Amino acid sequence: MARSRELSSQARTLLADLARSGQDWRHGYELARSTGLRSGTLYPLLIRLEAQGYLQAEWQAPAGSGRPPRHAYRLTAAGLALARAEQDLHRGQIVAKRGEALS
Amino acid sequence: MSASFSRRLARGIGRLLLLAYPARDFSWARAMQHEIDQLDNDGAALVFALGCLWGGCRQTASTGLNWFAEGMKMKNGLWSWLLVPRNAGLAGALAATCLGISYLLAAGAPPLYVVVNAAAFLLGAVALSGLRGIAVRAERHAGPIVLALGSCLLLTSLAGASVAGASRWIWIGPLSVQVSLVLLPAMIVAYARHGDALGHAGIVAAAAALALQPDRAMAGVLAMSMAALAFARPGRSAAAAVVVTLAAFAITLVRPDTLPAVPYVDRILFSAFEVHVFAGLAVLLGSALLLAPAAIGWGLDPARRQVYLAFAATWLGCVLAAALGNYPTPVVGYGGSAILGYLLSISIFPADAGAMAGSGDRAATADSDSVGISPRTRLVTHPAG
Chain X
243 MARSRELSSQ
253 ARTLLADLAR
263 SGQDWRHGYE
273 LARSTGLRSG
283 TLYPLLIRLE
293 AQGYLQAEWQ
303 APAGSGRPPR
313 HAYRLTAAGL
323 ALARAEQDLH
333 RGQIVAKRGE
343 ALS
Chain L
54 MSASFSRRLA
64 RGIGRLLLLA
74 YPARDFSWAR
84 AMQHEIDQLD
94 NDGAALVFAL
104 GCLWGGCRQT
114 ASTGLNWFAE
124 GMKMKNGLWS
134 WLLVPRNAGL
144 AGALAATCLG
154 ISYLLAAGAP
164 PLYVVVNAAA
174 FLLGAVALSG
184 LRGIAVRAER
194 HAGPIVLALG
204 SCLLLTSLAG
214 ASVAGASRWI
224 WIGPLSVQVS
234 LVLLPAMIVA
244 YARHGDALGH
254 AGIVAAAAAL
264 ALQPDRAMAG
274 VLAMSMAALA
284 FARPGRSAAA
294 AVVVTLAAFA
304 ITLVRPDTLP
314 AVPYVDRILF
324 SAFEVHVFAG
334 LAVLLGSALL
344 LAPAAIGWGL
354 DPARRQVYLA
364 FAATWLGCVL
374 AAALGNYPTP
384 VVGYGGSAIL
394 GYLLSISIFP
404 ADAGAMAGSG
414 DRAATADSDS
424 VGISPRTRLV
434 THPAG
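Protein chains in written order, with the working numbering: chain X, 243 to 345; chain L, 54 to 438.
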């Protein structure tokens, strides 16, 4: 579960987006739209987040007849903590960069 | 009302996802398939499905390569050695040369042809070991290297030996050498490692040279590799390189190319099967082996994938040109130029690429890639610093 290195910008975007929804369940296409990630990038990220315990996934009953069940996602407590930590780290880096630019 | 073509295609891709993703991710593939079915817009469903399929192919390829790497690591030192792209290239070139020689023998080619190919391999292998330092310096000196090689191509087109209106060769003793086949692949790999202003100038010189010669096959190869590079390393200079090389290729298309097919050199991808089915298979397998180092580099050296992509585009382009027209079939056909060019091009590969395949560090490098490629054990995506 431990991360050894920096997250990609895509992973950060996804984490931040999922963190904004808190405990609400989100769907794949909706996440792709809101993050701007392509599905081929989004799903491998979701798969890894889930494998590392940062993401919770569940099958939801079909919304209407003739529709298949749907996979939905939200961050676990560990995922929310990671998203917050990443946000803080990112903010810190921006402040540091601004400081360097001004000095 | 029947479903539109896009919808049917999206559904078909949805079913394909179950095969495209590794078995452990089956439920995820199912999730994607169902998500595609949820989308009301047919076009959006198709785009979404195609993205999922691309992601699945990358996941599976990455998993396969990592399993392969892990398995090989455990076996013995030879496999670790082979997992270095440059070494894989040397082994692939040896195998392809041998397969080519077996075809030449089966086809009844003059014994001298066999000797020339074998000698070219030995010469290239010696040069490869002598040029080890280039791999280290290529990153810093790529610009001058590319410009120098581009200038050599230009000189050849202006002062080289001419046959049926094409000036592609120089004579070394009794042997004719096609300079573009020897130098262009290495030039492209060097440019892929680092493209600066001198490198851009070198590419322009090469494009002009190929248009002047004219050399339709190598101009196509140059354009194809620049397109691959533009895909891997987008930017204005990459786009400009594509435009310039495409223009050169277009010029070669309108200029007459009347050279007839040369026995044992051109069109052997097809004619080898007329000799014997095994001769045909040897030629095909030898051609496929030329791409092996690119596949290994792509999997094990993700930080420099553009180099391997350009390399693959170059040699795939050469093979395609040989399949489509009267152009030399690289390495497996008679001719030392392609063998030398192949070995020269792998000499420019990053020296440390795959070097950690036998150590624990390799995994750390292998997964330092953009999303969707690295193994699930980490969420890391690019090397720090």
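Ideal Cβ positions, reconstructed from N, Cα and C, are used throughout, including at glycine.
Since the model is a prediction, treat every value here as computed from it, not as a measurement.
Residue-chain proximity (residue i, chain L), Cβ-Cβ < 8 Å
i              : result
T283 (chain X) : yes
I289 (chain X) : yes
A261 (chain X) : no
T255 (chain X) : no
A320 (chain X) : no
A274 (chain X) : yes
R326 (chain X) : no
R312 (chain X) : yes
Cβ-Cβ distance between residue i and residue j below 8 Å
i              : j              : result
A272 (chain L) : T305 (chain L) : yes
Y372 (chain L) : L152 (chain L) : Reading off the sequence shown, one finds Val at residue 372 (chain L), where the question assumed Tyr. Not a contact, by the Cβ cut-off of 8 Å.
M262 (chain L) : L334 (chain L) : According to the sequence as given, residue 262 (chain L) is Ala; it is not Met. Going by C-beta atoms, A262 (chain L) is not nearer than 8 Å to L334 (chain L).
L287 (chain X) : A253 (chain X) : yes
L92 (chain L)  : A82 (chain L)  : no
A294 (chain L) : A285 (chain L) : no
I392 (chain L) : F174 (chain L) : yes
G352 (chain L) : L118 (chain L) : yes
L157 (chain L) : Y317 (chain L) : yes
L297 (chain X) : T318 (chain X) : yes
G394 (chain L) : P238 (chain L) : yes
F402 (chain L) : V296 (chain L) : no
L200 (chain L) : G255 (chain L) : yes
L322 (chain L) : A270 (chain L) : no
A258 (chain L) : G203 (chain L) : yes
L228 (chain L) : V179 (chain L) : no
S390 (chain L) : V230 (chain L) : yes
Test: residue i CB closer than 8 Å to a CB of chain X
i              : result
L92 (chain L)  : yes
D78 (chain L)  : yes
F331 (chain L) : no
M85 (chain L)  : yes
Q112 (chain L) : yes
H435 (chain L) : Reliability fails at H435 (chain L), whose pLDDT of 36 lies under 50, so the model's placement of it is uncertain and the value that follows must be treated cautiously. By this cut-off, H435 (chain L) is an interface position.
Partner residues on chain X for residue i, Cβ-Cβ distance less than 7 Å
i              : result
C105 (chain L) : S281, G282, Y285
W444 (chain L) : Residue 444 (chain L) falls outside the range modelled here, since chain L spans only 54 to 438, and no answer is possible.
G108 (chain L) : S281, G282, T283, Y285, P286
M490 (chain L) : No information on residue 490 (chain L) is available, as it lies outside the stretch 54 to 438 that chain L covers here.
Spatial distance of residue i from residue j (CA atoms)
i              : j              : result
A102 (chain L) : R111 (chain L) : 14 Å
V137 (chain L) : G183 (chain L) : 17 Å
G350 (chain L) : R246 (chain L) : 13 Å
G273 (chain X) : S251 (chain X) : Looking at the sequence itself, residue 273 (chain X) is Leu, so the reference to Gly does not match. Between L273 (chain X) and S251 (chain X), the C-alpha separation is close to 15 Å.
R316 (chain X) : S59 (chain L)  : 30 Å
G252 (chain L) : T113 (chain L) : 35 Å
A281 (chain L) : Y244 (chain L) : 12 Å
V307 (chain L) : D319 (chain L) : 21 Å
L62 (chain L)  : R280 (chain X) : 18 Å
E292 (chain X) : A314 (chain X) : 12 Å
R326 (chain X) : R333 (chain X) : 11 Å
G108 (chain L) : T283 (chain X) : 6 Å
T367 (chain L) : A305 (chain X) : 51 Å
I223 (chain L) : F302 (chain L) : 22 Å
D266 (chain X) : L331 (chain X) : 25 Å
Integer-rounded CB distance, given that residue j should sit under 8 Å from residue i
i              : j              : result
D90 (chain L)  : G67 (chain L)  : 7 Å
T382 (chain L) : V336 (chain L) : 7 Å
A365 (chain L) : L344 (chain L) : 5 Å
L369 (chain L) : A148 (chain L) : Contact flag wrong, Cβ pair sits at about 17 Å.
S233 (chain L) : A363 (chain L) : Rounded, the Cβ-Cβ distance is 16 Å, inconsistent with contact.
Residue i: contacting residues in chain L (beta-carbon distance under 7 Å)
i              : result
H269 (chain X) : E88
H332 (chain X) : Residues of chain L passing the Cβ test: none, with the nearest at roughly 14 Å.
Per-residue contacts from residue i into chain X (C-beta, under 8 Å)
i              : result
F364 (chain L) : None at all; the shortest Cβ gap to chain X is about 24 Å.
Chain-ordered neighbours of residue i on chain X, where CB pairs are closer than 9 Å
i              : result
F101 (chain L) : G270, Y271, A274, R280, S281
Contact list for residue i against chain L, beta-carbon separation under 8 Å
i              : result
R309 (chain X) : D90, Q91
Chain B within 8 Å of residue i, Cβ atoms only
i             : result
A98 (chain L) : Absent from the structure is chain B; the protein chains it does hold are X and L.
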